[in-house]
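Novice: At position 86 of the sequence shown the residue is numbered 121 (the numbering used here), and the sequence of numbers has no breaks.
The structure that follows is given in the form of structure tokens.
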Amino acid sequence: MFASWINSKAPFNFSLLKKDIEIPIVKDVYLALIQEWNDDFLEKKWNAYILNDRDTPIDMVLVVSKGYDEHRKTSTMRHSIAVMVPKSYAKIELIQDDVLELNNEFFVTFFAEGKLYERKFLFGKDTITEGNLVDIPIIHKPGIFAT
């Protein structure tokens, strides 16, 4: 009886199934950490950057970050960027030294070409070290890519 009421009264299309929802795969958008000189701390610190290596802009970029392990959890940080033009980057946040030993997760959502994209980026605990540096395109500095 309830199912027939929903089908006759509800303004929603319940015939749309989870398998019908398209979730596009994020390509050419990256998250990287770069160690840079910080004038406030008078030493090198790690900064998180988002890179748009696409040939199209991305809009309404939201980044939610947190650090965690089995026993500890940091505050959740939220950042927004209105528009990122093609082949550009934006600084997201400074990573404090005591957070480097935690898993650092960045959940990124954005719009591009009329579709919503989302991806989780992760820096595993104790992986943010100078031994893991690679060349980061667009920024042209050594850094570490998130997985």
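Ideal placement from N, C-alpha and C gives every residue a C-beta, glycine not left out.
Since we're looking at a predicted model, the values are computed, not measured.
Thinking alanine 181 and phenylalanine 158 are a contact (beta carbons under 8 Å), I'd like their distance in whole angstroms, please.
Specialist: On the sequence shown, residue 181 is found 146 positions in, with the first residue counted as 1. On the sequence shown, residue 158 is found 123 positions in, with the first residue counted as 1. Going by Cβ atoms, the distance from alanine 181 to phenylalanine 158 rounds to 5 Å, so yes, they are a contact pair.
Novice: In chain order, which continuous runs of the beta strand (DSSP E) of length 3 or greater are located wholly inside the stretch 90-121?
Specialist: Within the stretch 90-121, the complete beta strand (DSSP E) runs of at least 3 residues are 93-103, 112-119.
Novice: How big is the Cα-Cα spacing for proline 121 and leucine 86?
Specialist: Your numbering for residue 121 matches position 86 in the sequence shown. Your numbering for residue 86 matches position 51 in the sequence shown. Between proline 121 and leucine 86, the C-alpha separation is close to 9 Å.
Novice: Could you give the DSSP three-state label for glycine 166: helix, strand or coil?
Specialist: Residue 166 sits at position 131 when you count from the first residue of the sequence shown. In the structure shown, glycine 166 sits in a helix (DSSP, three-state: H, G or I).
Novice: By Cβ distance, which residues of its chain are closer than 6 Å to serine 100, with the 5 residues on each side in sequence left out?
Specialist: For the purposes of this step, residue 100 is taken as the residue at position 65 of the sequence shown. Met112, Phe141, listed in sequence order.
Novice: Specify the secondary structure class of lysine 62 as computed by DSSP and reduced to three states.
Specialist: Indexing the sequence shown from 1 puts residue 62 at position 27. Reduced to three states, the DSSP call for lysine 62 is coil.
Novice: Where does tryptophan 81 land, buried or exposed, given buried means 16+ other C-beta within 10 angstroms?
Specialist: Numbered from 1 along the sequence shown, position 46 holds the residue referred to as residue 81. Result: buried.
Novice: By how many angstroms is the C-alpha of glutamate 78 removed from the C-alpha of tryptophan 72?
Specialist: Stepping through the sequence shown from its first residue, residue 72 is reached at position 37. Stepping through the sequence shown from its first residue, residue 78 is reached at position 43. Each residue's Cα considered, the two are about 6 Å apart.
Novice: With DSSP run on the structure shown, which of helix, strand or coil describes lysine 54?
Specialist: The count along the sequence shown starts at 1 and reaches residue 54 at position 19. Helix at lysine 54.
Novice: Evaluate methionine 119 with the Cβ neighbour count: other Cβ atoms within 10 Å of its Cβ, from every protein chain shown; 16 or more gives buried, anything less gives exposed.
Specialist: Translated into the one-based positions of the sequence shown, residue 119 becomes position 84. Buried, by the Cβ-count rule.
Novice: Pull the bridge partners of glutamate 78 from the DSSP assignment, please.
Specialist: Within the sequence shown, numbered from 1, the residue matching residue 78 stands at position 43. Per DSSP, Asn73.
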